[in-house]
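Peer 1: Whatever position you read off the sequence shown (first residue = 1), add 263 for my numbering. Beta carbons are placed, not taken as given, at the ideal position from N, Cα and C, and that holds for glycine.
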Amino acid sequence: VHPVQQRQAAPLALLHLEKAVAHLEGEIDQARAAGDIVAVLKATRDIALLTIGFWRGFRGDELARLTIENTHAERYVGIKFYLGSSKGDRQNIGREYKTPSLSKLCPVEAYLNWIEAAGLTRGGVFRGIDRWGNISDRPLAAHSLIPLLRDTLDRCGLPSESYSAHSIRRGFATWAASSGWDIKTLMEYVGWSDMKSALRYVEPAQQFGGLVRKLEE
């Protein structure tokens, strides 16, 4: 992915994630009251997509490649994802990604709610849903995540035009840096092997005491 695209993508701030999830939860309540199963499914999927994408710092293609067979979630404990290969996996041996259960905006709860509502037991985690509520047998394509993300943010009253598939990962990286994570911890958690690549995802004000400027000198 060209670095210019990464810098242009606005980070999905934690505050916006909170607002989006709250709005989607409201959509679910209203849809259930109206018996609108399609809206329930879409909002439940979108909460899982946003929270898993944010707290794991996944790229769009990584979200698209998640499978139920290679995911293990335990409510109130945590969730583990295995991806056979990724952009930062130069030896192509695959990697396990872990995230703990959280008291709010929980990716574990969101994942379990989604697969239970959709009745999924195998295959891709994130899939398309048609107007009748039929869930696709195939996972969402990575390129379809940008319009899906923008549509979700539009429904939540958030400015969507500046967001791309990198926005979720960039939002997490910026949050982690502002929360006191050092660059090594952030790289290990997300799976970056190159420091310059990692720093492209962090807002300038949070770039570890000007480390990015030192690297570019």
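1. Would you give the residue range spanned by the alpha helix (DSSP H) that alanine 346 belongs to?
2. Using CA coordinates, which residue listed in Arg338, Gly443, Leu411 is at the minimum distance from glycine 323?
3. Going by the beta-carbon positions, is the gap between serine 423 and aspartate 417 smaller than 8 Å?
4. What's the call for leucine 275, buried or exposed, on a 16-neighbour Cβ count within 10 Å?
5. Between the beta-carbon of glutamate 372 and the beta-carbon of arginine 319, is there less than 8 Å?
6. Lysine 282 lies in the beta strand (DSSP E); which residues open and close that run?
7. Which two residues bound the contiguous beta strand (DSSP E) that contains proline 410?
8. Alpha carbon to alpha carbon, how far is alanine 440 from arginine 394?
9. Using 8 Å as the Cβ pair cut-off and three pairs as the minimum, do the segment 382 to 394 and the segment 303 to 316 touch?
10. Say whether the segment 302 to 313 touches the segment 280 to 288, bearing in mind that this needs 3 or more beta-carbon pairs closer than 8 Å, one atom from each stretch.
11. Mapping DSSP to helix, strand and coil, what is tryptophan 398?
12. Could you have a look at histidine 265 and say whether DSSP puts it in helix, strand or coil?
13. For a test of the three-state rule: what should DSSP assign to glutamate 359, helix, strand or coil?
14. Would you mind working out which of Arg463, Ser456, Asp414 sits nearest phenylalanine 435, comparing C-alpha positions?
15. Relative to the C-alpha of methionine 428, which candidate in Leu449, Leu368, Ala404 has its C-alpha closest?
16. Where DSSP assigns a beta bridge to alanine 336, which residues make up the other side?
17. Could you tell me the alpha carbon to alpha carbon distance between glutamate 359 and methionine 450, rounded to whole angstroms?
18. Going by DSSP, name the residue or residues bridged to arginine 390.
19. For serine 456, does the count of other Cβ atoms within 10 angstroms reach 16, so buried, or fall short, so exposed?
20. Assign valine 465 to buried or exposed, taking buried as 16 or more other Cβ atoms, counted over all protein chains shown, within 10 Å of its Cβ.
Peer 2: Reading from the atomic positions:
1. The sequence given here has leucine at residue 346, not alanine. Element bounds for leucine 346: not the alpha helix (DSSP H) but the beta strand (DSSP E), 341 to 346.
2. Leu411
3. yes
4. buried
5. no
6. From DSSP, lysine 282 is part of no beta strand (DSSP E) but of the alpha helix (DSSP H) over 277 to 297.
7. No beta strand (DSSP E) contains proline 410, which is instead part of the alpha helix (DSSP H) from 408 to 418.
8. 40 Å
9. yes
10. yes
11. The sequence shown places isoleucine at residue 398, not tryptophan. Three-state DSSP puts isoleucine 398 in a strand.
12. Bear in mind that a pLDDT of 43 at histidine 265, under 50, signals an unreliable position, so the model cannot answer this.
13. strand
14. Arg463
15. Residue identity differs from the one stated: residue 428 is alanine in this sequence, not methionine. It is Ala404.
16. Ile342
17. 14 Å
18. Pro402
19. exposed
20. buried
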